[in-house]
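Contents: one structure, followed by commentary.
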Amino acid sequence: QVIAFESGVTDTVDPLAGSYFVESLTDEIEIAALAYIDKIDAMGGSVNAIENGYIQQEIANASYQYQKEVEQGERIIVGVNKFTQEKEGITDVLNIDESIRVIQTDKLNSLKAERNNEAVKLALDNLTAAAKSERNLMPFILSAVEEYATLGEIADCMRNVFGEY
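Position in the sequence shown (first residue = 1) + 707 = my numbering.
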């Protein structure tokens, strides 16, 4: 059912006859990809396209179109909108005990109190400076980790330099 409905293989009488169908699909993808690359190049390249929000908007538009096609039955997804099984009720959501959050928060606070915060700040400042340059960030990330910087602190350094996409 997945092959029949999701691959498009049933759209031709003999899809593998001389690989014509597969080759035609490959040609379509190549033509569309090259046109897309030309469009992005005309914008000044991928960095400009990202900075101008074009890539993010294209992803959002494609996601919306895809979801609309699935919901309207124009795009068949086996197990989602065709050949589904009746559900036996709602699956329980994993509930994590509040005490776990408290324990983890206490551990984080203890770590921050016991580590050398001056060394952490220096490592994070070095990471930020490296992120602003063309340098390899991995040694700076590892240095920050060795000083017990948290994942959030490391990510914040890079987010402040690169932004969020």
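Glycine included, C-beta positions come from ideal geometry on N, C-alpha and C.
No experiment lies behind these values; they were computed from the predicted model shown.
I'd like the span of the alpha helix (DSSP H) that includes residue i, first residue to last.
| i | result |
| --- | --- |
| residue 827 | 824-839 |
| residue 808 | 805-821 |
| residue 755 | 753-758 |
| residue 733 | 727-749 |
According to DSSP, simplified to helix, strand and coil, what is residue i?
| i | result |
| --- | --- |
| residue 789 | strand |
| residue 799 | coil |
| residue 782 | coil |
| residue 865 | helix |
| residue 716 | helix |
| residue 844 | coil |
| residue 870 | coil |
| residue 855 | coil |
| residue 794 | coil |
Identify which residue in the options has its Cα closest to the Cα of residue i.
| i | options | result |
| --- | --- | --- |
| residue 853 | 822, 865, 835, 767 | 822 |
| residue 873 | 752, 785, 738 | This structure gives no information on residue 873, because the portion of the chain shown stretches from 708 to 872. |
I want to check one thing, is the minimum distance from the CB of residue i to the heavy atoms of the ligand FMN below 8 Å?
| i | result |
| --- | --- |
| residue 804 | What this structure holds is no ligand at all, so the ligand FMN is not there to describe. |
Throw me the rounded Cβ distance for the residue i and residue j pair, which I believe falls under 8 Å.
| i | j | result |
| --- | --- | --- |
| residue 872 | residue 747 | 15 Å between Cβ atoms; not a contact. |
| residue 834 | residue 820 | At roughly 22 Å, the Cβ-Cβ gap does not stay under 8 Å, so residue 834 and residue 820 are not in contact. |
| residue 878 | residue 713 | Outside the displayed span of the chain (708 to 872) sits residue 878, for which this structure offers no information. |
By Cβ distance below 8 Å, which residues in the same chain neighbour residue i in space, the five residues on each side in sequence not counted?
| i | result |
| --- | --- |
| residue 734 | none |
Spatial neighbours of residue i within its chain, please: C-beta separation below 7 Å, excluding the five flanking residues on both sides.
| i | result |
| --- | --- |
| residue 855 | 818, 822, 827 |
| residue 765 | none |
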